[in-house]
Amino acid sequence: MRARLIRPDGTTEAISLPADTGALTAMYELIGSDSVEAVRVLRTGTGSGVTMWCDEHGLIRSRPVINPAARAIVAFLSRRSVIQDFAGPVIFTGGPGGGHDLTPLTSYYDEIITTIAGQLRSRATGQHGDQPAGGERR
């Protein structure tokens, strides 16, 4: 299932999560936590939407690593109805499907997410122009 990992430094990576109950285990490993929280970022009429998964306890750790790209992406997609800091790596997927199933991140929202992360990373590193936001893992 298509998803997007966003690290605190703004780098991104296309990832493929298992479409079954193994998705949660994979998220634990990628986020580096044994407890993740789902943030419903965007609900669409078609049901695709966007959900962000983050470390549930990331902000209360002794030295949290703030993820400015996650904050900006969530604020943009939620039309500023969610404005808060998030810590550590985060994962974006589609919205919930039937039951407890996850849906893949659509290419449309994946492009928006990578563009925002890339722009923030370019500003932070002083680079200008089109810079790739991250690589792909298959």
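Numbering (my numbering), first residue to last: 15 to 152.
Ideal Cβ positions, reconstructed from N, Cα and C, are used throughout, including at glycine.
Using a Cβ-Cβ cutoff of less than 8 Å, which residues in the same chain neighbour residue i once the five nearest sequence positions on both sides are dropped?
| i | result |
| --- | --- |
| residue 56 | 63, 64, 91, 92, 109 and 123 |
| residue 46 | 69, 102 and 103 |
| residue 67 | 41, 45, 50, 51, 52, 53, 104, 105, 106 and 107 |
Work out the CA separation of residue j and residue i for me, nearest whole Å.
| i | j | result |
| --- | --- | --- |
| residue 51 | residue 69 | 6 Å |
| residue 58 | residue 74 | 31 Å |
| residue 115 | residue 136 | 35 Å |
| residue 32 | residue 117 | 11 Å |
| residue 125 | residue 40 | 22 Å |
Excluding the 5 residues preceding and the 5 following residue i in the sequence, name in chain order all residues of the same chain whose CB lies nearer than 6 Å to its CB.
| i | result |
| --- | --- |
| residue 87 | 127 and 130 |
| residue 20 | 26, 83, 84, 104 and 131 |
| residue 24 | 83, 131, 134 and 135 |
| residue 96 | 88 |
Counting C-beta neighbours from all protein chains within 10 Å, is the total for residue i 16 or more, i.e. buried, or is it exposed?
| i | result |
| --- | --- |
| residue 77 | exposed |
| residue 138 | exposed |
| residue 72 | buried |
| residue 94 | exposed |
If you compare alpha carbons, which of the options is closest to residue i?
| i | options | result |
| --- | --- | --- |
| residue 53 | 107, 43, 39 and 118 | 107 |
| residue 100 | 36, 140, 79 and 44 | 79 |
Does at least one heavy atom of the ligand ZN sit under 7 Å from the Cβ of residue i?
| i | result |
| --- | --- |
| residue 85 | You won't find the ligand ZN in this model; it holds no ligand whatsoever. |
Given residue i, which residues of its chain have a CB within under 7 Å of its CB, disregarding the five upstream and five downstream residues?
| i | result |
| --- | --- |
| residue 36 | none |
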